[in-house]
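Enquirer:
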Amino acid sequence: MQEQLDESIDAPYLVPTHLREAQSIGPIPLRTFYVLLAAGLLLGVPTGTVSRHLLNAEIGYCFALLPVVLSIPFAVPWLDPPAEHGALHLLTFFSQKTVRNLSWTRFPPVSELLEADGVGSFFGVVNAYRRRDTLSFCEQHDLARVQLRDGAVWIPTGGRLEPRAIYRVPTLNLDTASAATRRAARARWGAILNALPHPIQIVVRGRPASTLPVLDRIRAHGSAEACDLAAWLRAHLLGAQLVHRERYLVVPAQDQEQLTDRCASLEANMRRIGLPMERIVESGELRRTLAPFLGPRGQQFGPAIVDVASSSHIIVDGEYVRVFDLGKLPPTIVTDWAAPLLDGDVPVDVAIDVEPLELAWAKLQLDMRRNALESSAPSPGRHVAVQQIAGLRMAYECRQTLPMRMTVTILVRAFTDKELERRTKRIRQRAKDIGAQLRLLRWEQRAGWLAVLPVRRNPLDGRGVPVETGTVARTYPFSAGTLQLQGGVPFGVAAAAPATFTTAHPRAKNRHMCWYGTSGAGKGYSLRILLSREHFANGLRVYGIDQDEQQEYAGRFCAYLHGSRVSISSLAAAEAFVFDQVPNPNVVIWDLHQSDERDRGAILAALKARLVEYVLTHPGRAAFVVDEAVTITEHELGARTLGDLIRRARHFGIEVHVLTQRATDWFDTRIGRVIQSVAESKWFGQLEPRELYEIAASLGLTPEERERIERAGQGEGLLVTAGRRVWVNLYGQTSAAEYAMANTDILTI
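All the letters of the sequence shown, read from the start, carry residue numbers 11 to 759 under my numbering.
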């Protein structure tokens, strides 16, 4: 029984958090002892002796204690980073601020000084040329020297330029995955980490969904319905505070040859674990990728002005930016434990820098640490630390895991200080809820801002946590319950982000799609929403046959798209149809409900011939809808016609959408099994438990997915496409006009 339970859960993993347990001399922490001892002996005694001779004895004793009192912040053992780290950056911050305020960009022209009328005017001219607490783009040499060439980003490192390769990375939905799937994904990623010989950087870019470029494409359609939809979507996405995310992986190198070797190896490894990466090589695309990280004006590469006056945030072209790092990991984690930060409801940018450490040096450090703790006074914390060190040391020796340093940097953006504080409070709470702790990069805000840029700069000194591959693998950065496909349109909500979906995504082998669900599950509703938005945004032409008396497609849907409804009451009417006779040949719905059901297979064959002939002479993307496919395929000619269309339609640019509520009957037919195996995309709405039980094995549905499909509400469903499996909810994600168009029961509005 226990073995079955272990197989059904993803067991918690103990993070070796006690490795930082402080050494002590008796009850006194080692750092406290030495700092106070050094301050007292090296500074306190000489200061007290001199003061006692120059002044009196009482004052001399006070001066002797002064160095000890001033050293107390440096003696506190629990500060991480230690006080000297903050003191150094504080000194650097104020020295730079002083230099800027006491220097000039250039000396004021003598003519302007002579023309000054009075002392106030004279100092006004002087101050006009003084440096401010702002940096122009030219003054930021680390950005001004960045070059985009040879398919890489070249960044200044010391006195030379080093290349960086940037990849787009697909995601895997672990939210609905079984425990076995989660363990397998973690193990595959951990195997890559164990073989990783160089550092990498993973960056997750989060932005409010109201800025999606697809909204501009919808508005550009020009129709009143499209303009109203674009306006509604923009307001809805902004009000719902949904987040759109993109994930990048950065490979650093010292030269072009080394970069090529590293990229080839990593690409092959990622392809083997089912996450094929897409490298960004075109200079214009690299510029468009980096520009949003550097400022709110995506059209411009690099910020015009960066205000660095504050120690707790910077202002980049009017946008407030605040940066944190992950200073403390949860004591126990599971696979994808960081999902609230990487895939949550707060629009933040997250950079994860993974750097392999030298194994021999790590083992030496562990041995020294163990000796230090065993020589300290015993305590529960030190006892646990010694056990963790012993286990980790043995794992290193057997190469079951390897040492690494992981630096997680989190960047919050907002256009007002109030919004910045609100988002800061929310992201701090998210981290606290999972047992982690965020540290503000005080006096290091600009450096932290650049650390999130996907060019893999050297990590900040004193930041990051020493971990092993088990912890890094469970911080799975490629898990997302969301779906954002290139060129897609908003299609409901998955997790905390809008799902942008299209059947024409680049990874699709074909564009066919099957829709399964009981009556009222929302399969037809969802399809009509998808087709109408694709028509407005991507110019998709829509064709279909409607066999229902309610005219789900030939009625309000056709009118919403300003399409052509054609009544087909007989085979002769189908054979006589020509596209030149309809007002809008880009949207045509054939109404078959008055025809004899025995003739519908032949009618489909005739209409299919007309459609293929038309798209061959008028190339372009087109969708063909077959509602209640089981009815059509009950006739041999209909089944043969639909099968031929499925096999050959991709050559004509036609994507076929097949809908059925009789899933079991559909899978009992040969044509149903063929279409199911060929279709690249599927949508599973609510299905009866009996049907799910009979078809789950052939569909590869996990027990978790079956349970969610059984309990699915109207408009909810499992979307399978592009190697992704995401749970999409369309309920409440459509405008009033769309609802009136797509809903089959108009009386419920």
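Every residue gets a Cβ at the ideal spot worked out from N, C-alpha and C, and that includes glycine.
The structure presented is a predicted model; accordingly, all values stated were derived computationally and were not measured.
For P593, count neighbouring Cβ atoms within 10 angstroms of its own Cβ and tell me buried if that reaches 16, exposed if not.
Expert: It counts as exposed.
Enquirer: Where A395 and P26 are concerned, what is the direct C-alpha to C-alpha distance, given to the nearest angstrom?
Expert: Computed Cα separation, rounded: 8 angstroms.
Enquirer: R718 and T181: beta carbons closer than 9 angstroms?
Expert: No, the Cβ-Cβ distance between R718 and T181 is not below 9 angstroms.
Enquirer: Can you have a look at M378 and say buried or exposed, based on whether 16 or more other CB atoms are within 10 angstroms of its CB?
Expert: So M378 counts as exposed.
Enquirer: Could you check the C-alpha separation between Y570 and E726 for me, to the nearest Å?
Expert: So the two alpha carbons sit approximately 23 angstroms from each other.
Enquirer: What is the DSSP secondary structure of D363, counted as helix, strand or coil?
Expert: Correct three-state label for D363: strand.
Enquirer: Between T342, D601 and G695, which has its C-alpha nearest Q557's C-alpha?
Expert: Minimum Cα distance to Q557 is reached at D601.
Enquirer: Between H628, L621 and V666, which lies nearest to V635 when the distance is taken from Cα to Cα?
Expert: Among H628, L621 and V666, the Cα nearest to that of V635 is on V666.
Enquirer: Residue range of the alpha helix (DSSP H) that R380 falls in?
Expert: Note, R380: alpha helix (DSSP H), L369 to E384.
Enquirer: For P209 and L367, I'd like the C-alpha separation in whole angstroms.
Expert: Cα to Cα, the separation comes out at about 9 angstroms.
Enquirer: Using a Cβ-Cβ cut-off of 8 angstroms (strictly less than) and excluding sequence neighbours within five positions of L495, which residues of its own chain qualify?
Expert: Excluding residues within five positions, the ones whose Cβ falls inside 8 angstroms are T510, F511, T512, H515, T731 and A732.
Enquirer: What did DSSP end up calling S293 once you bin it into helix, strand or coil?
Expert: Three-state DSSP puts S293 in a helix.
Enquirer: Are P487 and V214 touching if we call contact CB-CB under 9 angstroms?
Expert: A contact, by the Cβ cut-off of 9 angstroms.
Enquirer: Assuming contact is defined by CB atoms lying nearer than 9 angstroms, are L617 and I578 in contact in what I supplied?
Expert: Yes, these two residues count as a Cβ contact at 9 angstroms.
Enquirer: Fully enclosed by the segment 671-733, which beta strand (DSSP E) runs are 3 residues long or longer?
Expert: If we require 3 residues or more, the beta strand (DSSP E) runs fully inside the segment 671-733 come out as 691-694 and 726-731.
Enquirer: Assuming the contact rule is C-beta atoms closer than 8 angstroms, Q696 and T528 should be a hit. Round their C-beta distance to whole Å, please.
Expert: At roughly 6 angstroms, the Cβ-Cβ gap stays under 8 angstroms, so Q696 and T528 are in contact.
Enquirer: Please say whether Q724 and Y535 have beta carbons closer to each other than 9 angstroms?
Expert: Result yes, Cβ atoms of Y535 and Q724 sit closer than 9 angstroms.
Enquirer: Just to check my reading of the structure: R608 and F587 have Cβ atoms closer than 8 angstroms, yes? What is that Cβ distance to the nearest angstrom?
Expert: Contact flag wrong, Cβ pair sits at about 20 angstroms.
Enquirer: Determine the closest residue to A74 out of F84, P83 and H63, with distance taken between C-alpha atoms.
Expert: Of the listed residues, the one whose Cα sits closest to A74 is H63.
Enquirer: For T342, name the three-state secondary structure that DSSP assigns.
Expert: Note: T342 maps to strand in three-state DSSP.
Enquirer: Is DSSP giving L24 helix, strand or coil here?
Expert: DSSP places L24 in strand when its eight states are reduced to three.
Enquirer: Do you know how far the Cα of Q447 is from the Cα of V261?
Expert: The alpha-carbon atoms of V261 and Q447 are separated by roughly 28 angstroms.
Enquirer: CA-CA distance, H545 and E172?
Expert: Taking the straight line from one Cα to the other gives about 45 angstroms.
Enquirer: Quick one: which unbroken beta strand (DSSP E) runs of 3-plus residues sit fully inside the segment 204-245? Chain order, please.
Expert: DSSP runs (the beta strand (DSSP E)) wholly in the segment 204-245: 210-218.
Enquirer: Count the other CB atoms, across all protein chains shown, that sit within 10 Å of the CB of C148; report buried if there are 16 or more and exposed otherwise.
Expert: That one is exposed.
Enquirer: Can you check whether the CB of E329 is closer than 9 angstroms to the CB of A457?
Expert: No; because the gap between Cβ atoms is not below 9 angstroms, this pair is not in contact.
Enquirer: For L248, does the count of other Cβ atoms within 10 angstroms reach 16, so buried, or fall short, so exposed?
Expert: Flag for L248 reads exposed.
Enquirer: Out of E277, A162 and P218, state which residue places its alpha-carbon closest to the alpha-carbon of A263.
Expert: Per the Cα distances, A162.
Enquirer: Quick check: the segment 329-340 against the segment 435-454, are at least 3 beta-carbon pairs closer than 8 angstroms?
Expert: Touching, yes.
Enquirer: DSSP beta-bridge partners for V475?
Expert: In DSSP, V475 forms a bridge with M416.
Enquirer: Using the Cα positions of L243 and V503, report the straight-line distance between them to the nearest angstrom.
Expert: Cα-Cα distance, rounded: 12 angstroms.
Enquirer: Can you tell me which of R680, L463, A507 and G682 puts its alpha carbon nearest to the alpha carbon of N739?
Expert: Ranking the options by Cα distance to N739, first place goes to A507.
Enquirer: Give me the Cα-Cα distance between T299 and V640, rounded to the nearest whole angstrom.
Expert: The alpha-carbon atoms of T299 and V640 are separated by roughly 46 angstroms.
Enquirer: Got a sec? Which residues, its chain only, sit under 6 angstroms from A746 by beta carbon, not counting five neighbours each side?
Expert: Here the set comprises nothing.
Enquirer: Would you mind sorting S322 into buried or exposed? The rule is 16 or more other CB atoms within 10 Å of its CB.
Expert: Classification of S322: exposed, given that the 10 Å Cβ count is below 16.
Enquirer: Kindly indicate which three-state DSSP category M739 falls into: helix, strand or coil?
Expert: Note that residue 739 is Asn in the sequence shown here, rather than Met. Reduced to three states, the DSSP call for N739 is strand.
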